[in-house]
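Undergrad:
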Amino acid sequence: MIARKGASFSLLIRLWRQANALKPYATSSYSTAPTASCSLHSIVALGRLEQVRRCNTGSQSTENSGQAAEKFEFQAEVKSLLDIVAKSLYSDEEVFIRELISNASDAVEKRRCVELSQGQADTPYEIRISIDEEDKKELIDLLGTIAKSGSKSFKDQNLDNQSAESIIGQFGVGFYSTLSVSDKVVVHTKKLGETVGYTWTWHGASGYEITENAEADVGTKIELYIRPGAAERFLQSKTVEDVVNKYSSFVTVPIFVNGQLVNTMKALWMMNANETTPEMHQSFFKQIAKTHHPHLVNDRPQYIIQYKTDSPQNIRALLYVPSRKAVPLELRHTGLDESGVSLYNRKVLIKSQAKELLPNYLRFLVGVVDSEDIPLNLSREMLQTDLILEKIRRTLTDKIIKFFVKQMNKDRVQYNEFYQSYHLFFKEGIIMDKTHEVKEDISKLLLFESSNFKPGTLTSLQEYVDRMQKDQKSIFFLYSPSRQLAESSPYFEIFKQHNLEVIFIYEPIDEIVFLAMPQFQMKKVQSVEEWIKSQGKCFAKMSLEPEQKKLTRDASKQDFVGWVKQTLGSVKATEVKPSGRQSEHPFMITVSTDMSAARYLLRTADIKEMEHLVLLKPVVYVNFSHPVIKGLVKLSKHNEQLARKVTEQVYDNALVTAGLLKDSSQMIGRINQILGDLMQEEKSPILTP
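Okay, structure coming up:
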């Protein structure tokens, strides 16, 4: 690009034969086919408005004389629409560069289409842009008619020619994006095979004029006279290069800015997977990271997902999983919590961070989706939600989930590494989505520790189901802060005795995940506490030996159960029941609702102390086989005041084990009091049962 004084910007986009680089040969935004229309217009628009041609009084046609300019005016309605197109249609003025390059690319593809149809050799072309401070009927028809697409017309006329498939344009307002930055626009054009060229000029008024141009070379030259407010920005070569890289970096035709090749990257997503190399992917990943995701510019892809299909929708997708660990909340706080996938249409950027293409929980993926079928709005900057877009979204999501499941089974070590970085996104998806089928699909990607394996070994829900006992109807899980506490939990003991596998979860979010996903593969997902509560009286009696049964029928023990209930009160203990089951815990608590839901309520609800117990209606099981209970029975007769303190402490210990203690501050003072009282006892009935 060549800058010169004066706020004028001459965007010269020419196509050159490499064999004759000194002479322009084809056109930038121009069809060389005799029956095709000049495409100095946008590739994106909607509808069509016709202008009414009106010549000024006294002006004669220049079609033959070449002396006077023939002037035309837009209708009033078209004037208003032109103003909207110029000032309101596009969110950023820079898109005029994208539109002109797309027009130039269309011209190349049209010319190639014609050459191939005529049996000519495919000619190498280039697009050259320089910064400086169509035949006549087509100029009137296209540049004087908003939303008429020569590219679309050309494609319609060449439906059987595959070479026409790469033509971008379809609507016909993109050329008018130049009006948003210009006070004056001049288009010089000469059609291949014609003896005369024309100049189309717009001065910012309500009309335009056309004059013959005998000096015009074959091709099209567009001159933009940038208005003062935009001159500082668009008279900079770096600005134009950045815009080219942003929108048109993967256009097939080489693009030169001031003689410097800009679009050096290939569109890998259009290639077959066996045609690419790891080095190509690393370079491509860095390029899209530099343009759209600067925080990943020094990263590398951990997984590569490449997908191509033409039925039922046209999709070309190339997605990467960055190696950098990503946390949803961290991304949100840093302003990076957006989709990492950019939408392209025939290798031209339509929208970066296109959240419509994938569900939100897959926003950590970075890459490109190119589809000719995705419906666009007039400006090509927003998508129109419809059934096609939803089908593409579902197709991509399904392929991505299947890819991760395959990787899990193929290389568990690598998948575990990936899972540690991105598991929170999957869990978010299960919690936020409202469809069970979607939840179950995502849950196939989850991994957990299990009672069947040593700490650190992870298993999937599908693998758990495959190992289930023949008559087992539920997938059991247990929440605990650590593996050690989980294995020593009173709720786990009975499952261990019956050799039932239990999934161990250590994060509160995992409980929420299972609450949001009540079933997997037609198996109920159930907490161990919920299962124990569902057993009711059967649980209170199970595993009792004859001697233990006799113990629970002892009148003194029944009196002790009543004493415990009176000591705790009806809020802390809706019921107190004996349990002669062998256990390492003196008390065990169940609640009226699911224990996971109870813990979630405790973590999130703004409730006062004891209020949660009113809602949960705890049931206390007393383990008479435990030494503490045996000693407490004696202590209640010897020192009832101390016995009440110990009972309260044992109860709070059970709440801690269940994860239901709201405020532990009272425990410290009580423990100190108990220790002080015990120190005063010559012979503790608790320590010497």
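Letter by letter, the sequence shown follows residues -21 to -1, 1 to 668 in mature numbering (1 follows the signal peptide of the UniProt record, and there is no 0).
In this text, a Cβ means the ideal position worked out from N, Cα and C, and glycines have one as well.
1) Would you be able to state if there are at least three C-beta pairs under 8 Å between the segment 455 to 466 and the segment 378 to 389?
2) Would you mind sorting residue 504 into buried or exposed? The rule is 16 or more other CB atoms within 10 Å of its CB.
3) State yes or no: is the C-beta of residue 329 within less than 8 Å of the C-beta of residue 234?
4) Kindly provide the ranges of any beta strand (DSSP E) runs that are 3 or more residues long and lie completely inside the segment 180 to 234, ordered along the chain.
5) Leaving out five residues on either side along the sequence, give the residues of the same chain with a beta carbon under 6 Å from the beta carbon of residue 472.
6) Thinking just about the alpha-carbon of each residue, which of 274, 289 and 332 is nearest to the one in residue 304?
7) Can you tell me whether residue 323 is helix, strand or coil according to DSSP?
8) To the nearest whole angstrom, what separates the beta carbons of residue 421 and residue 405, a pair I think is in contact under 8 Å?
9) Leaving aside the five residues before and after residue 74 along the sequence, list all residues of the same chain whose C-beta is less than 6 Å from its C-beta, in chain order.
10) Tell me, to the nearest whole angstrom, how far the beta carbon of residue 605 is from that of residue 565; I am working on the premise that it is less than 8 Å.
11) Label residue 551 either buried or exposed according to how many other C-beta atoms from any shown protein chain fall within 10 Å of its C-beta, with 16 as the threshold for buried.
12) So, using beta-carbon positions, are residue 281 and residue 302 closer together than 8 Å?
13) Quick check: what's the CA-CA separation for residue 411 versus residue 608?
14) On the DSSP bridge assignment, give the partners of residue 602 in chain order.
15) For residue 333, which residues in the same chain have their Cβ closer than 8 Å to its Cβ, ignoring the five residues on either side in sequence?
16) Distance check for residue 103 and residue 48, CA to CA, integer angstroms please.
17) Residue 648: buried (16+ other C-beta within 10 angstroms of its C-beta) or exposed?
18) Grab the span of the alpha helix (DSSP H) containing residue 648 for me, first residue to last.
19) My assumption, with CB atoms under 8 Å, is that residue 439 sits in contact with residue 452. Please give the rounded CB distance.
20) Only counting the same chain, and skipping five residues up and downstream in sequence, which positions put a Cβ closer than 7 Å to that of residue 72?
21) Assuming residue 567 is part of the beta strand (DSSP E), what are its boundary residues?
22) Less than 6 Å between C-beta atoms, sequence neighbours within five positions excluded: which residues of the same chain meet that for residue 726?
23) Let me check you understand the geometry: is the CB of residue 242 closer than 7 Å to at least one non-hydrogen atom of the ligand GDP?
24) For residue 467, name the three-state secondary structure that DSSP assigns.
25) Roughly how many angstroms separate the alpha carbons of residue 335 and residue 372, rounded to a whole number?
26) Roughly how many whole angstroms lie between the Cα atoms of residue 599 and residue 627?
27) Does the pairing of the segment 207 to 226 with the segment 187 to 196 give three or more beta-carbon distances under 8 Å?
28) To the nearest angstrom, report how far apart residue 645 and residue 586 are at their CA atoms.
29) Pull up the distance between the alpha-carbon of residue 477 and that of residue 297, whole angstroms please.
30) In terms of DSSP beta bridges, what is residue 349 paired with?
31) My output table needs one value for residue 123: the three-state DSSP class, helix, strand or coil.
32) Helix, strand or coil: how does DSSP classify residue 290 here?
33) Whole angstroms is fine: what's the gap from residue 91's alpha carbon to residue 277's?
34) Just to confirm, are residue 292 and residue 365 a CB contact at a threshold of 8 Å?
35) Could you tell me how far apart the beta carbons of residue 426 and residue 395 are, in whole angstroms, since I believe they sit closer than 8 Å?
36) Kindly indicate which residue of 513, 461 and 616 has the alpha-carbon position closest to the one of residue 636.
TA: So, from the data block:
1) no
2) In the sequence shown, residue 504 corresponds to position 525, counting from 1. The residue is buried, with at least 16 neighbouring Cβ atoms inside 10 Å.
3) Mapped onto the sequence shown, residue 329 falls at position 350. Mapped onto the sequence shown, residue 234 falls at position 255. With respect to residue 234, residue 329 sits apart: the two C-beta atoms are not nearer than 8 Å.
4) 186 to 192 and 198 to 205
5) Here residue 472 refers to the residue found at position 493 when the sequence shown is read from its first residue. Around residue 472: 562.
6) Along the sequence shown, one-based indexing puts residue 304 at 325. Answer by Cα proximity: 274.
7) Residue 323 sits at position 344 when you count from the first residue of the sequence shown. Strand at residue 323.
8) Residue numbering aside, residue 421 sits at position 442 when the sequence shown is read from its first letter. Residue numbering aside, residue 405 sits at position 426 when the sequence shown is read from its first letter. Rounded, the Cβ-Cβ distance is 5 Å, consistent with contact.
9) Here residue 74 refers to the residue found at position 95 of the sequence shown. Excluding residues within five positions, the ones whose Cβ falls inside 6 Å are 156.
10) The residue you call residue 605 lines up with position 626 of the sequence shown. The residue you call residue 565 lines up with position 586 of the sequence shown. Going by Cβ atoms, the distance from residue 605 to residue 565 rounds to 4 Å, so yes, they are a contact pair.
11) As a working mapping, residue 551 is identified with position 572 in the sequence shown. When all chains shown are included, residue 551 counts as buried.
12) The residue you call residue 281 lines up with position 302 of the sequence shown. The residue you call residue 302 lines up with position 323 of the sequence shown. It is a contact, given that the beta carbons lie within the stated cut-off.
13) Residue 411 sits at position 432 when you count from the first residue of the sequence shown. Residue 608 sits at position 629 when you count from the first residue of the sequence shown. Approximately 45 Å between the Cα atoms of the pair.
14) Taking the first residue of the sequence shown as 1, we reach residue 602 at position 623. Beta-bridge pairing links residue 602 to 558.
15) Residue 333 sits at position 354 when you count from the first residue of the sequence shown. 318, 320, 321, 322, 348 and 362.
16) Against the sequence shown, residue 48 aligns to sequence position 69. Against the sequence shown, residue 103 aligns to sequence position 124. Approximately 36 Å, taken between the alpha carbons.
17) Here residue 648 refers to the residue found at position 669 when the sequence shown is read from its first residue. So residue 648 ends up on the exposed side.
18) The residue given as residue 648 occupies position 669 in the sequence shown. Counting along the chain, the alpha helix (DSSP H) containing residue 648 begins and ends at 644 to 659.
19) Here residue 439 corresponds to residue number 460 of the sequence shown, with the count starting at 1. Here residue 452 corresponds to residue number 473 of the sequence shown, with the count starting at 1. Wrong, their Cβ atoms sit about 19 Å apart, outside the cutoff.
20) Locating residue 72 in the sequence shown gives position 93, counting from the first residue. Hits under 7 Å: 159, 160 and 209.
21) Within the sequence shown, the letter at position 588 stands for residue 567. In the DSSP assignment, residue 567 falls within the unbroken beta strand (DSSP E) covering 566 to 569.
22) Any question about residue 726 goes unanswered here, given that the chain covers just -21 to 668.
23) Among the components modelled here there is no ligand, and therefore nothing to report on the ligand GDP.
24) Counting from one through the sequence shown, the residue named residue 467 turns up at place 488. Residue 467 falls in the coil class under three-state DSSP.
25) Taking the sequence shown and counting its residues from 1, the one referred to as residue 335 is at position 356. Taking the sequence shown and counting its residues from 1, the one referred to as residue 372 is at position 393. Computed Cα separation, rounded: 7 Å.
26) The sequence position of residue 599 within the sequence shown is 620, counting from 1. The sequence position of residue 627 within the sequence shown is 648, counting from 1. The alpha-carbon atoms of residue 599 and residue 627 are separated by roughly 12 Å.
27) no
28) In the sequence shown, residue 645 corresponds to position 666, counting from 1. In the sequence shown, residue 586 corresponds to position 607, counting from 1. Cα-Cα distance, rounded: 17 Å.
29) Residue numbering aside, residue 477 sits at position 498 when the sequence shown is read from its first letter. Residue numbering aside, residue 297 sits at position 318 when the sequence shown is read from its first letter. Cα to Cα, residue 477 sits roughly 49 Å from residue 297.
30) If you number the sequence shown from 1, residue 349 lands on position 370. Residue 349 is bridged to 295 and 323.
31) The residue you call residue 123 lines up with position 144 of the sequence shown. In this predicted model, residue 123 has a pLDDT of only 46, less than 50, meaning its place in the structure is not dependable enough to derive any value.
32) Walking along the sequence shown from the start, residue 290 turns up at place 311. In this structure, residue 290 counts as coil in the three-state DSSP scheme.
33) As a position in the sequence shown, residue 91 is number 112, starting the count at 1. As a position in the sequence shown, residue 277 is number 298, starting the count at 1. In a straight line, the C-alpha of residue 91 is about 39 Å away from that of residue 277.
34) For the purposes of this step, residue 292 is taken as the residue at position 313 of the sequence shown. For the purposes of this step, residue 365 is taken as the residue at position 386 of the sequence shown. No. Outside cutoff.
35) As a first step, residue 426 is located in the sequence shown; it is residue number 447 there, counting from the start. As a first step, residue 395 is located in the sequence shown; it is residue number 416 there, counting from the start. Indeed, because the Cβ distance is near 7 Å, the residues count as touching under 8 Å.
36) Position 657 of the sequence shown, counted from the first residue, corresponds to residue 636. The shortest C-alpha separation from residue 636 is found at 461.
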